[in-house]
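Per my numbering, residue 84 is the first one in the sequence shown, and the count goes up by one each step.
Here is the structure we will look at.
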Amino acid sequence: MKVEIERKPKSVSWVDSRLETSRAVAVAVATVGLLFALHSPSARAAGEVQADAPPCAMCHGMLGEGSAYGVPRLAGQNADYLSHALSMFKAGTRASAVMQPIAHSLSDTEISQLAGYFSKQNAPLVDAAAPKSSQLVLAGKQLAETGAGKVAACFSCHGAQGTGNGARFPSIAGQPAQFVINRLHQFQARAVGITPQPGTMTAVSTTLNEKQIEEVAAYLSQLER
Ligand code: HEC
Ligand code: HEC
């Protein structure tokens, strides 16, 4: 059997034309293309949306598990929250140099198909095996469950065990620690020079110090969803 690694599937060259065509990206795209070729039976079963999944899988993983390098987990996330996030990237109201151009090229139908697809995936935790001191994780658990001082308990909004509450309060369980750290820093940056509205994540982020961010990120990355 002849395996043609050079010939990229149409859907994969889609992302190739939109991202910097660095050598590393080209290699990743070819790898993902090959993986999808090997998984073709399930790819066909999942239907049309599968055609759009490879460009996402390159960074978010085959099942939307995310990566330890700060790419969020999409698997098991509320579908409406995912749709909303993609629409915000598309409209430019949520910042991301990576996601804005990608979301911009998606139609509204593709956005809801992709959101539906990833929300239904059940993926392993990417940080499960990462060595984390139990002290760090325990401190994070306490913060998430009961809060501390001005910090409100994360689970009071994000649902028990961080599994989310509807489209407004995303699941934060199982997110790679590096993504949680980056995202909390983004919220903090947004709060600079303004008085954030009470009850928003921007407001919550200003109550957290760096140590607490690391603790809660370590804990959340160990939680199943
Ligand atoms: C080149 C890498 C890359 C590719 C390709 C990519 N993403 Fe992303 N995505 C990211 C990163 C990094 C973030 C985090 C952005 C941030 O919050 O600053 C992200 C964030 C997201 C979010 C927000 C999740 C959340 O919980 O806040 C969604 C939804 C998303 N991506 C969906 C997709 C979909 C669907 C595709 C395919 C059409 C895709 N991404 C392709 C890297 C990528
Ligand atoms: C008062 C309610 C509230 C509390 C308390 C709260 N959050 Fe949030 N959080 C939100 C809302 C609302 C969003 C969605 C913001 C958005 O999409 O712009 C959010 C978003 C997030 C996100 C981004 C998720 C993603 O997938 O992009 C992270 C990470 C997060 N919260 C972590 C935490 C942590 C950690 C705590 C506890 C220290 C916490 N939150 C406490 C309301 C809250």
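Beta carbons are placed, not taken as given, at the ideal position from N, Cα and C, and that holds for glycine.
Legend entry - Cα-Cα separation between T285 and P138, rounded to whole angstroms: 30 Å
Inset, instruction - Figure out for me which residue from T278, P214, A250 has the closest Cα to the Cα of C202. - result: Residue identity differs from the one stated: residue 202 is Ser in this sequence, not Cys. Selected option, being the one with the closest Cα: A250.
Legend entry - Rounded separation between M182 and F172 - CA only: 6 Å
Legend entry - Beta-carbon spacing of P259, S304 below 8 Å: yes
Legend entry - Limits of the unbroken alpha helix (DSSP H) element including S195: 191-202
Inset, instruction - Throw me the rounded Cβ distance for the L306 and G257 pair, which I believe falls under 8 Å. - result: 6 Å
Inset, instruction - Return the residue from the list Q225, A235, S288, Q160 that minimises the CA-CA distance to E298. - result: Q225
Legend entry - C-beta contact flag for A162 and V209 at 8 Å: no
Inset, instruction - May I ask whether a heavy atom of ligand 1 can be found less than 7 Å away from the beta carbon of G159? - result: no
Legend entry - Three-state class that DSSP yields for A174 in the structure shown: helix
Legend entry - Proximity of G153 and N265 at Cβ, strictly below 8 Å: yes
Legend entry - Beta-carbon proximity list for E131, same chain, < 8 Å, skipping 5 on both sides: Because the pLDDT of E131 is 46, which lies under 50, any placement of that residue in the model is unreliable, and the number read from its coordinates should be weighed accordingly. So the qualifying residues of the chain are Q196.
Inset, instruction - Note the first and the last residue of the continuous alpha helix (DSSP H) segment covering T285. - result: 284-288
Inset, instruction - Under 8 Å Cβ to Cβ from I194, same chain only, skipping five residues before and after it: list those, please. - result: S166, L169, S170, K173, A186
Legend entry - Environment of L221 [buried if 16+ CB atoms lie within 10 Å]: exposed
Legend entry - Inter-residue spacing [alpha-carbon to alpha-carbon] between V287 and Q271: 9 Å
Legend entry - Where the alpha helix (DSSP H) containing T229 begins and where it ends: 217-229
Legend entry - Through-space distance from I255 to H241, alpha-carbon basis: 7 Å
Inset, instruction - Please name the residue in P207, M145, L189, E228 whose C-alpha comes closest to that of Y302. - result: E228
Legend entry - P214: CB within 7 Å of a non-hydrogen atom of ligand 1: no
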